[in-house]
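What follows is a set of notes on a single structure, which appears directly below.
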Amino acid sequence: MTVDTAVTTAPTPLTLDRLAALTAEVAEEVRQGLHEIRFDAENRWSVRLHADDHTDVWLISWTPDQSTRLHDHAGSLGALTVVAGELVERFWTGELRERTHADGGGGRFPLGHVHDVVNASDAPAVSVHAYSPPLTAMHYYEVGGDGALRRTGSILTTDPEPDVPTLGDVPSRGERR
1 MTVDTAVTTA PTPLTLDRLA ALTAEVAEEV RQGLHEIRFD AENRWSVRLH
51 ADDHTDVWLI SWTPDQSTRL HDHAGSLGAL TVVAGELVER FWTGELRERT
101 HADGGGGRFP LGHVHDVVNA SDAPAVSVHA YSPPLTAMHY YEVGGDGALR
151 RTGSILTTDP EPDVPTLGDV PSRGERR
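Its first residue numbered 1, the sequence shown is counted upward by one per residue in UniProt numbering.
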């Protein structure tokens, strides 16, 4: 079974196929100029385009070398469609693997899908993301020296681009800042 065809249930009436179709539909709206896009060389720029009880849809821009950290979307299913450019997704299947999502392509994220997304190209990229149920939390991970996946933290958030401290920013046990 591959990551894209994994079947999982979540507390939502939407399926991974429907989320992927939704991101493709909104990506076409973006290509037609119906949504403003901004680029920020310091931080990924994002804007929520739609929100209801079952889904939220985000437009995200990526300048070269911008990336997320290794994470999952807690109790939400997800999908993305690349509007312009190219994004590399690193995802966990017992080991880190990679796939490239080019203009018009995308991915689906079942429950528990741990991944990192990066713009590894020299040109900006734009993508549309959808989550169902709407995003409420994210878990962050790292791959240890032994090759095992380890959760490093969790945050409550409704934003796929939260300001997340790095491990170096988080006080260790007993340390105060």
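We treat Cβ as the ideally placed atom computed from N, Cα and C, and that holds for glycine.
Paired residues, beta bridge with residue i - DSSP
i: Ile155; result: Met138
i: Phe109; result: Gly78
i: Ser61; result: Trp45, Val126
i: Val143; result: Leu149
i: Ser67; result: Val118
i: His50; result: Val57
i: Asp40; result: Per DSSP, none; premise fails for Asp40.
Contacting residues, own chain, Cβ-Cβ under 7 angstroms from residue i (five flanking each side not counted)
i: His73; result: Phe109, Tyr131, Leu135, Met138
i: Met1; result: With a pLDDT of 29 at Met1, under the threshold of 50, the modelled position of that residue is not reliable, and the figure given next carries that caveat. Correct list: empty, nothing qualifies.
i: Glu175; result: Residue confidence is low: Glu175 scores 39 on pLDDT, short of 50, so the model does not pin down where it sits. No coordinate-derived value is stated.
i: Ile155; result: Ala137, Met138, Pro162, Val164
i: Arg31; result: Val83
i: Asp17; result: none
i: Arg38; result: Trp45, Ser61
i: Thr166; result: Since pLDDT at Thr166 reaches only 42, below the 50 mark, its modelled position is unreliable, and no value is offered.
Sequence-distant residues of the same chain with beta carbon closer than 6 angstroms to residue i, five excluded per side
i: Tyr140; result: Arg69, His71, Thr152, Gly153
i: Glu161; result: Arg44, Ser46
i: Trp92; result: Val114, Leu149
i: Asp159; result: none
i: Val57; result: Val26, Leu49, His50, Ala130
i: Ala20; result: Ala79, Arg108
Span of the alpha helix (DSSP H), counted from its first residue to its last, around residue i
i: Val30; result: 16-31
Beta-carbon proximity check, residue i vs residue j, cutoff 9 angstroms
i: Thr15; j: Thr55; result: no
i: Val82; j: Asp103; result: yes
i: Asp40; j: Ala120; result: no
i: His129; j: Thr63; result: no
i: Ser76; j: Pro124; result: no
i: Val126; j: Ser67; result: no
i: Glu95; j: Gly147; result: yes
i: His35; j: Glu29; result: yes
Span of the beta strand (DSSP E), counted from its first residue to its last, around residue i
i: Thr100; result: 96-102
i: Val88; result: 86-92
i: His115; result: 115-118
Chain C within 9 angstroms of residue i, Cβ atoms only
i: Ser121; result: Chain labels in this structure do not include chain C; a single protein chain is all it has.
Closer than 8 angstroms: residue i CB and nearest the ligand PLP heavy atom
i: Leu16; result: With respect to the ligand PLP, the structure shown offers nothing to examine, as it has no ligands at all.
Spatial neighbours of residue i in its chain, beta-carbon cut-off 8 angstroms, leaving aside the 5 residues before and after
i: Gly144; result: Arg150
(request) Give a yes or no on contact between the segment 46-59 and the segment 87-94, applying the rule of three or more CB pairs nearer than 8 angstroms. (result) The segment 46-59, when compared against the segment 87-94, does not touch it at the 8 angstroms Cβ threshold.
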